[in-house]
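Residue numbers (our numbering): 686 to 866.
Just so you know, even glycine gets a beta-carbon here, dropped at the ideal spot from N, CA and C.
This one's a predicted model, so the numbers in the text were calculated from it and none came from an experiment.
First the structure, in the form of structure tokens, and then the observations on it.
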Amino acid sequence: MQSEVFHIYHLGEQRGPYTMHQINHLYRCEFIDEDTLYWREGMEQWAPVTQIVARRRKQMRFVRWSIWLGIIGVVAALVMLFGPVTADAWRELTRGAYTSEDAYWRARAMVREAVGKSVSVKFEPFSPADAVLTPPSGATVTISGTIGDSSGGRRDAWRVRLRHLPEQQDWVADSGEKETP
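What follows is the structure, encoded as structure tokens:
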């Protein structure tokens, strides 16, 4: 059995032959629109293609865009929530140059390690005056912040003495002690 053959009239031009499947595909992909006409053997005149194709669901575009906007919103919320914490942790673990800023970030990591994982620490921002390099390879970093746990929070400060290891591009505790200023 041979499938029906259709011709279309689109943008002032007759095209075809097409099968019903091909016309549906052209319509769904928006190669042809609702103004396109069709004709097949046995018809007296051209008719709108919308009589034979499954109509596009315009509301699906709204649903599709809503889903994408929802995904983008969730990703944006996650970045806003976890982005700064992740960036700070990355800085604390990867800074190894002999600069006052890198000494500050490594000192923060050492303070976090000293207070333990169960306690959160919110540090004050970096200030060059808080990290003093002492050539050839030393640094003293004074850090202040708020220690918080389940019972609340309290302000505290730490003085961390560091030694730079240029071969490893890393900072280590100079005396192993963290003093309170």
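- Cβ-Cβ distances below 8 Å link Asp787 to Arg780, Gly781, Trp856 in the same chain, with the five nearest sequence neighbours on each side left out; the list follows chain order.
- Assigned with DSSP and collapsed to three states, Phe767 falls in helix.
- Note on geometry: alpha-carbon atoms of Ala814 and Lys807 lie some 19 Å from one another.
- Exclusion of the five residues before and after Pro702 leaves Val690, Phe691, His692 as the residues of its chain whose Cβ lies within less than 8 Å of its Cβ.
- Using a 10 angstroms sphere on the CB of Val770, the tally of other CB atoms stays under 16, which defines it as exposed.
- Assignment of Pro733 by DSSP, reduced to helix, strand and coil, places it in the strand class.
- Less than 9 Å divides the Cβ of Leu778 from the Cβ of Ala794.
- Boundaries of the alpha helix (DSSP H) harbouring Gln707: 705-713, taken from the DSSP string.
- Taking the Cβ atoms as the reference, Val738 lies roughly 4 Å from Tyr712, within the contact range of under 8 Å.
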